[in-house]
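In the order they appear, the protein sequences are chains A and B. Residue numbers for the first sequence follow my numbering, so the first one is 2 and each next one is one higher. Residue numbers for the second sequence follow my numbering, so the first one is 16 and each next one is one higher. Using N, Cα and C, we set each Cβ at its ideal position, and we do this for glycine too.
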Amino acid sequence: MNRLTSVKAGKRVVLVSIDGGCQAEMRLAEMGFLPGVEIQVINNSGIGPLTVIIKGTKLALGHGLARKILVKEK
Amino acid sequence: MSERKKKILVALAGNPNSGKSTLFNNLTGSRQHIGNYPGVTVEKKEGRVAYKGYEVIFVDLPGTYSLSARSEDEMVARNFIVDKSPDVVVDVVDVSNLERNMYLYTQLSELDAPVILAMNMSDMVEGKGYTINYEMLSKSLGKPVVPTVGSKNKGMDELLEAVVAVYEKKIKVGKTKVDYGLEIDLERSKIAQVLSKNDVKLKGYPKEWLTLKLLEKDPILEKYIQSFDCASEIEGQVEKSRQHLRQHFGDDVEVIIADRRYGFVSGVCMEAVKQIPEDRHDVSDRIDKVIMNRFLGLPIFVLVMYGVFKFTFAFSGPVVGWFEKFFEWLSLVASSIIPEGLIQSFVVDGIIGGVGGVLGFFPLVLFMFFAIAFFEDSGYMARAAFVMDRIMHKVGLHGKSFLPMMISTNGCAVPGIMATRTLDSKKDRLITMMVTPFMICGAKLPIFALFIGAFFKPEHGANMMFLMYALSVLIAFASAWVLKTFVFKGETAHFVMELPAYRMPTIQGLLLKMWERGWLYVKKAGSVILFISILIWAGFTFPQSKAKDGVSQEVSANVQMQESIAGKIGKFIEPIVQPIGMDWRSAIALIAGVAAKEVVVSTLGTIYSLGEVDPENAEPLKQSLQKDPLWSPLKAFAFLMFTLIYLPCFVAMAVFYRESGSSWKWTSFLVFWTTVMAWAWAFIVYQGGTLLGFGG
Numbered sequence: 002m003n004r005l006t007s008v009k010a011g012k013r014v015v016l017v018s019i020d021g022g023c024q025a026e027m028r029l030a031e032m033g034f035l036p037g038v039e040i041q042v043i044n045n046s047g048i049g050p051l052t053v054i055i056k057g058t059k060l061a062l063g064h065g066l067a068r069k070i071l072v073k074e075k
Numbered sequence: 016m017s018e019r020k021k022k023i024l025v026a027l028a029g030n031p032n033s034g035k036s037t038l039f040n041n042l043t044g045s046r047q048h049i050g051n052y053p054g055v056t057v058e059k060k061e062g063r064v065a066y067k068g069y070e071v072i073f074v075d076l077p078g079t080y081s082l083s084a085r086s087e088d089e090m091v092a093r094n095f096i097v098d099k100s101p102d103v104v105v106d107v108v109d110v111s112n113l114e115r116n117m118y119l120y121t122q123l124s125e126l127d128a129p130v131i132l133a134m135n136m137s138d139m140v141e142g143k144g145y146t147i148n149y150e151m152l153s154k155s156l157g158k159p160v161v162p163t164v165g166s167k168n169k170g171m172d173e174l175l176e177a178v179v180a181v182y183e184k185k186i187k188v189g190k191t192k193v194d195y196g197l198e199i200d201l202e203r204s205k206i207a208q209v210l211s212k213n214d215v216k217l218k219g220y221p222k223e224w225l226t227l228k229l230l231e232k233d234p235i236l237e238k239y240i241q242s243f244d245c246a247s248e249i250e251g252q253v254e255k256s257r258q259h260l261r262q263h264f265g266d267d268v269e270v271i272i273a274d275r276r277y278g279f280v281s282g283v284c285m286e287a288v289k290q291i292p293e294d295r296h297d298v299s300d301r302i303d304k305v306i307m308n309r310f311l312g313l314p315i316f317v318l319v320m321y322g323v324f325k326f327t328f329a330f331s332g333p334v335v336g337w338f339e340k341f342f343e344w345l346s347l348v349a350s351s352i353i354p355e356g357l358i359q360s361f362v363v364d365g366i367i368g369g370v371g372g373v374l375g376f377f378p379l380v381l382f383m384f385f386a387i388a389f390f391e392d393s394g395y396m397a398r399a400a401f402v403m404d405r406i407m408h409k410v411g412l413h414g415k416s417f418l419p420m421m422i423s424t425n426g427c428a429v430p431g432i433m434a435t436r437t438l439d440s441k442k443d444r445l446i447t448m449m450v451t452p453f454m455i456c457g458a459k460l461p462i463f464a465l466f467i468g469a470f471f472k473p474e475h476g477a478n479m480m481f482l483m484y485a486l487s488v489l490i491a492f493a494s495a496w497v498l499k500t501f502v503f504k505g506e507t508a509h510f511v512m513e514l515p516a517y518r519m520p521t522i523q524g525l526l527l528k529m530w531e532r533g534w535l536y537v538k539k540a541g542s543v544i545l546f547i548s549i550l551i552w553a554g555f556t557f558p559q560s561k562a563k564d565g566v567s568q569e570v571s572a573n574v575q576m577q578e579s580i581a582g583k584i585g586k587f588i589e590p591i592v593q594p595i596g597m598d599w600r601s602a603i604a605l606i607a608g609v610a611a612k613e614v615v616v617s618t619l620g621t622i623y624s625l626g627e628v629d630p631e632n633a634e635p636l637k638q639s640l641q642k643d644p645l646w647s648p649l650k651a652f653a654f655l656m657f658t659l660i661y662l663p664c665f666v667a668m669a670v671f672y673r674e675s676g677s678s679w680k681w682t683s684f685l686v687f688w689t690t691v692m693a694w695a696w697a698f699i700v701y702q703g704g705t706l707l708g709f710g711g
C-alpha cells in the first residue's frame with residue numbers, strides 16, 4: 002500500500018482507504034474518493050498539489066490531503 | 016387582461032461548471048435581475064420569463080457538488096429548496112461528466128424536490144461516439160429528462176414545457192431512491208422511532224431524509240436538534256447507530272453513504288449510457304502539462320496577468336481620450352448655456368467634474384473586464400489557483416482562496432467576499448475575506464488609471480498597473496501570513512478542486528459578462544457617485560465666503576474651498592496625512608472614497624474644477640493634477656499605496672460584517688488593520704522615497 006503522493010505521474014491506482022481523523026474525508030467521499038475507485042495520477046511534482054482524474058473529472062488535490070489517501074497498484 | 020399571471024417558482028441547481036449560468040441567461044434573457052452587484056444579495060440570481068400564460072421565476076442557486084451543507088454555498092442552496100419549496104427544481108447536469116453530476120441529483124431527490132433533469136452540453140456526447148438513452152434514464156429515475164445545449168440555446172422551450180407540465184401535474188414525478196442497504200436502513204428506522212416517539216418534526220424536511228442526514232452528522236441538523244428536549248436521546252441513538260455501522264462496514268458512515276449514492280448513479284448510467292470513452296482529457300492534459308508545470312506555471316500566470324494589463328491599456332487608451340474630450344466639451348457647453356453662478360458651478364463642477372471623471376474611465380474598465388472574462392471562461396482560473404497553491408501554503412492558505420481574490424480583481428470585492436463561501440474552513444474563510452478587499456477592483460481601477468496616466472509616461476502605463484497589481488497580491492499574501500501566524504493559528508486546510516476541461520469562450524458570452532459588470536459601473540456612477548458628488552460639491556461651496564476686493568478670482572476660489580465645511584474638515588485632518596505626502600484635498604477625497612472608491616476620482620474632479628476660474632480653459636483632471644505643484648510622482652505613488660490598502664468601501668464592509676457572522680469584533684479589526692497598514696506603507700514609500708532623493 003502506498004500514499005497517493007508517492008505515485009508517479011501517468012500511473013493508475015486503486016483507492017484503498019483514507020487515513021482516519023481527516024476532516025476532509027466526507028468532502029473527498031463526495032468527490033468520488035471511495036474505496037475501490039480508480040485514480041489516474043496526471044501530474045505529481047513531489048511537492049505542492051497533484052492533479053488526478055477520478056470518475057471522469059480532473060481534480061486538483063492539495064498535497065497534505067493526497068498524503069492521507071492510501072492506494073494500491075492496480 | 017388584468018388577470019394576474021400564475022407564478023411558477025423554479026430553482027436551478029447543479030454542479031459548478033455545469034453550464035448552469037448559461038442556461039439561466041438563455042431562459043430569462045434580458046429580463047433578468049442580476050444580484051451580482053454591491054448592495055444586493057449575491058447569493059442567488061433571479062430571472063423571470065413569461066411562458067404559456069405563466070410567469071416562470073428562475074432562481075440560480077450557487078453551483079455545488081453536494082447538499083451536505085458543510086460550506087456556506089451548499090447551505091444557501093439547500094436552505095432555498097427546503098424553506099422556499101420551489102414548484103420545480105431543474106438539476107443541470109453536464110453530460111460529459113455524468114456520474115459526478117448525478118451525485119447532486121441523488122441528494123435533490125432525497126429532499127423530495129420535484130426534479131427535472133436538464134442534460135446539458137448534450138452535443139458534447141454526440142461527437143464523442145457514445146450515446147445516452149434519455150428515455151431510459153427518465154424511466155429508471157422517474158423524472159423528466161430534457162437534453163439541452165446551453166451554448167447553442169437549444170432545448171430551452173422543451174425545458175420550459177417540462178416545467179409547466181410538472182407544475183400542472185401532467186407529468187408525474189416519481190420517487191426512486193438510493194438503496195442504502197438493509198444495515199443502514201435498519202439504523203435509520205431506529206432513529207426514526209426516536210424521532211416519532213418524541214414527535215420531532217422539522218418543517219420542509221422529509222423524515223426519511225432527516226434520519227439519513229442525522230446519521231451523516233449534518234452540522235445544521237445537529238444544531239436544530241439542540242432545540243428539542245429529547246436532543247440527548249436522539250444524539251445517543253445516532254452515536255450508537257454510527258458505531259454499529261462503523262463496526263459492520265469497517266469505514267465511516269459518511270463514506271458508505273457516499274459510496275451507495277455513487278453506486279446508484281453508476282447503476283443508472285450503466286443502463287442508459289453506451290460506452291464512456293476515456294480519452295476526453297487528451298487536449299486538456301497536454302495544455303495542463305505546460306500551464307501547470309512546476310517551473311513554468313508561475314511565470315505563465317505572471318505573463319497572463321501582464322498580458323491582461325497590456326491589452327487593457329493598449330486598446331482603451333484612445334477611447335478613454337475620446338471620453339475625456341467629450342466631457343471637456345460638455346462642460347464648455349454647460350458653462351456657455353448656464354449663466355455664471357451657483358447653478359453653473361453645480362452642473363459644471365459638481366456633476367460633470369465629478370461623475371464625468373469617473374465615466375471617462377468606462378472604456379478602460381470594459382476592456383479589463385473583457386480580458387479577465389476570457390481567462391475566467393476558458394477554465395484557466397482554476398489552474399491559476401492550482402499554480403498559486405504552493406505559495407499560498409507558505410502563507411497558511413490554499414489555492415482555492417486565490418479565486419475570491421481574482422473575482423475581486425475582475426469586478427468587485429463584494430462577490431469576492433461572497434465567493435469565500437466555497438471554503439470549508441471557517442478560519443481560512445475569515446482570512447481570505449480580510450485580504451480579498453486589497454485587490455484592485457473595478458472601482459479602484461479609475462484611481463490607478465488616473466494617477467498612472469498623470470504621473471508616468473503612457474508607454475509605462477501597463478507596467479505601472481501591473482506593478483500595482485503585483486503589489487496588491489503581495490500585500491494580500493503578507494497580511495494573510497500575519498493573520499495566520501498571529502491571529503488565526505491552526506493547521507492549513509487542504510483542498511480538492513475541479514479542473515474543468517478547457518473551453519473556447521464564446522464572443523457572445525464574453526461580451527455579455529463584460530457588459531453586465533461594465534453596466535454596473537455606469538449605473539453606480541449615475542446613482543451613488545452622483546449623489547456623493549453633489550454632497551462633496553455642496554461641502555466645498557457652503558458656507559459661501561465673502562468675496563474680497565483686490566484679489567484675483569483664482570485666489571478667492573481657493574479661499575472659498577478652504578473656508579467651506581469640507582475644506583475645514585480636510586484642514587483638520589491634514590496633520591495626520593502630511594507625513595505620508597498628502598494635503599487636505601487628498602484627505603477629503605480618500606475619506607469620501609469610503610462611500611465608493613470611484614468617489615476618490617470624482618471628488619478630485621470637483622475640487623480641481625472648482626479651482627478653475629476660466630471655463631474656456633477647462634482641462635481634464637489628469638492635466639490639472641500634472642500641473643499642480645503640490646503633486647509629484649513620489650506623492651502619487653504614496654497616494655496609490657494608501658488607496659491600495661486602506662478601508663474597503665462601505666458596501667464591502669457591510670458584506671464583510673454579514674459574512675463574518677455579524678461580528679463587530681472582526682469588522683472593527685478589519686477597519687483598524689487596513690487603516691494602520693495603509694498609513695504605514697504610504698509613510699514608508701513617501702519618507703523612504705524622499706530620503707533616497709525621489710521627492711520633489
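At least one beta carbon of chain A lies nearer than 7 angstroms to the beta carbon of MET512/B.
The C-beta distance from LYS158/B to LEU132/B rounds to 6 angstroms, short enough to meet the 8 angstroms contact threshold. In this structure, DSSP gives ARG261/B a helical state, which the three-state scheme calls helix. At a beta-carbon threshold of 9 angstroms, the residues of chain A lying near SER299/B are LYS59, ordered along the chain.
Per DSSP, the beta-bridge partners of PRO162/B are MET134/B. For GLY63/A, the closest alpha carbon among the candidates GLY57/A, VAL53/A and ALA10/A is that of VAL53/A. Taking 7 angstroms as the cut-off, the beta carbon of GLY78/B is found closer than this to the beta carbon of LYS35/B. Scanning chain A for C-beta atoms nearer than 9 angstroms to the C-beta of ASP392/B yields nothing, as the closest lies near 17 angstroms away.
Of the residues ALA493/B, GLU355/B, GLY708/B and PHE73/B, the one whose Cα lies closest to the Cα of GLY411/B is ALA493/B. Nothing from the stretch 569 to 587 of chain B brings a Cβ to less than 8 angstroms from some Cβ of chain A. Counting the other CB atoms within 10 Å of its CB gives GLU627/B a total of 16 or more, which places it among the buried residues. Annotation: VAL319/B to GLU150/B spans about 45 angstroms, alpha carbon to alpha carbon. In this structure, ALA604/B keeps its C-beta atom at 7 angstroms or more from the C-beta atom of VAL373/B. Exposed is the label assigned to GLY708/B, since fewer than 16 other Cβ atoms lie within 10 Å of its Cβ. When the beta-carbon positions are compared, VAL110/B and MET134/B come within less than 7 angstroms of each other. In the structure shown, the three-state DSSP call for THR52/A is strand. Per the DSSP secondary-structure output, ASP172/B pairs with nothing in a beta bridge. The shortest CA-to-CA distance from LYS9/A to any of GLY37/A, GLY47/A and SER18/A is the one to GLY47/A. Here the stretch 401 to 420 of chain B makes no contact with the stretch 352 to 364 of chain B; the two share fewer than three CB pairs at distances below 8 angstroms.
Comparing C-alpha distances from ALA207/B to each of THR191/B, GLY68/B, GLY219/B and TRP224/B shows the shortest one belongs to TRP224/B.
For THR435/B, there is no enclosing alpha helix (DSSP H), as DSSP marks it with neither H nor E. Looking at the backbone, the Cα of ARG673/B and that of ASN308/B are separated by about 39 angstroms. Distance from GLY620/B to GLY371/B at the Cβ level is roughly 7 angstroms; contact confirmed, criterion being Cβ atoms closer than 8 angstroms. The closest CA to that of ILE306/B, considering only HIS259/B, GLN262/B and PHE390/B, is found on PHE390/B. In this structure, ASP439/B places its C-beta atom within 7 angstroms of the C-beta atom of SER86/B. Look at the beta carbons and you see the stretch 473 to 492 of chain B touching the stretch 658 to 671 of chain B: at least three pairs across the two are nearer than 8 angstroms.
In this structure, LEU76/B sits near ALA28/B, with a CB-CB distance shorter than 7 angstroms. Residue pairing by DSSP places MET512/B opposite ALA61/A in a beta bridge. Taking a C-beta distance under 7 angstroms as the contact criterion, LEU42/B and MET136/B do not qualify as a contact pair.
A direct Cα-Cα distance of roughly 13 angstroms separates ALA397/B from ILE302/B. Contact of ASN112/B with chain A by beta-carbon distance below 8 angstroms involves GLY57 and THR58. Under a 10 Å Cβ-count criterion, SER256/B is classified as buried, with 16 or more other Cβ atoms of the shown protein chains found around its own Cβ. For ALA273/B, the chain A residues whose C-beta falls within less than 7 angstroms of its own C-beta are ALA30, GLU31 and LEU35, listed in chain order.
The C-beta distance from ILE19/A to LEU29/A rounds to 6 angstroms, short enough to meet the 8 angstroms contact threshold. Using a Cβ-Cβ cut-off of 7 angstroms, SER46/A counts as an interface residue toward chain B, since at least one Cβ of chain B sits closer than that to its own. Between ILE547/B and VAL614/B, the C-beta gap is smaller than 7 angstroms, which places the two residues in contact.
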